[in-house]
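Participant: If you count the sequence shown from 1, position 65 lands on 65 in UniProt numbering, and the numbers rise without skipping. C-beta atoms are modelled at their ideal positions from N, C-alpha and C, and glycine is treated no differently. None of these values were measured; they are calculated from a predicted model.
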Amino acid sequence: MSFSRTLGDGRINLEQQRKRAKELLRQWRRDPASRTGLPGQEPRLADAQWQVARELGFASWPRLKAHVDAIAFASRHPDLVGGDEAATLHLRCGNDIAHGLKLAGFRGGFRMFADPLTMGPVPNLPLPEFLALRSDYLSRAFDLDPADAQARQRQ
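Below you can see the structure in the form of structure tokens.
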């Protein structure tokens, strides 16, 4: 059974490809003669995934997955202008998109800017209680003198 199919809009559905790989593995186990090009060992899911990826033009399943992830990332962030030059530096408050940038082909550096004053509990309390709670958190979390933490909160 061949899994060669046309891709209507050019997008690859990874879940569909996983199902194809599982079906191919079942086929190989039912009919060992259909395992052309495979070593004599018992086929594994990884072998079927590799075959599916090759049929779609990818060198491996991880490369197929990276491609699908990159396309998905790009479609979720259509306005992202990511430089692909190694000299580009991406600065961000948080690192939630670092992996996605790599998947999308971003080649520059990535630096996360962490502002301790934006971390920790932010309850809805009267200002004096709020500042006391935040100062206590910051002094413990960042090994600051409690008076220093409180002074920084007032700035």
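Report yes or no: do the region 40 to 51 and the region 69 to 81 share at least 3 C-beta pairs separated by less than 8 Å?
Facilitator: At 8 Å Cβ cutoff, the stretches do not touch.
Participant: Given that a residue counts as buried once 16 or more other Cβ atoms are within 10 Å of its Cβ, and exposed if not, what is residue 60?
Facilitator: It counts as exposed.
Participant: Below 8 Å between beta carbons: does that hold for residue 135 and residue 155?
Facilitator: In this structure, residue 155 does not lie closer than 8 Å to residue 135 by Cβ.
Participant: Measure the beta-carbon distance from residue 21 to residue 49 and round it to whole angstroms, keeping in mind my assumption that it falls under 8 Å.
Facilitator: Between residue 49 and residue 21 the Cβ distance is about 4 Å, and since that is below 8 Å, they are a contact.
Participant: In the DSSP assignment, find the beta strand (DSSP E) that holds residue 67 and state where it starts and stops.
Facilitator: Careful: residue 67 lies outside any beta strand (DSSP E), inside the alpha helix (DSSP H) at 61 to 76.
Participant: Kindly indicate which three-state DSSP category residue 138 falls into: helix, strand or coil?
Facilitator: Three-state result, residue 138: helix.
Participant: Should residue 5 be labelled buried (16 or more other beta-carbon atoms within 10 Å of its own) or exposed?
Facilitator: Note that residue 5 scores a pLDDT of 49, beneath 50, so its modelled location is shaky; the value from the coordinates is reported in the next line. That one is exposed.
Participant: Please classify residue 91: does DSSP put it in a helix, a strand, or coil?
Facilitator: Residue 91 falls in the strand class under three-state DSSP.
Participant: What residues are listed by DSSP as bridge partners for residue 20?
Facilitator: Answer is none; residue 20 lacks a bridge partner.
Participant: Is it right to say residue 87 is buried, meaning 16 or more other beta carbons lie within 10 angstroms of its own, or is it exposed?
Facilitator: Exposed: under 16 other Cβ atoms inside 10 Å.
Participant: On the CB-based measure, 16 or more other CB atoms within 10 Å of its CB, does residue 16 come out buried or exposed?
Facilitator: Under this definition residue 16 is an exposed residue.
Participant: What's the gap between the Cα of residue 51 and the Cα of residue 11?
Facilitator: Cα to Cα, the separation comes out at about 18 Å.
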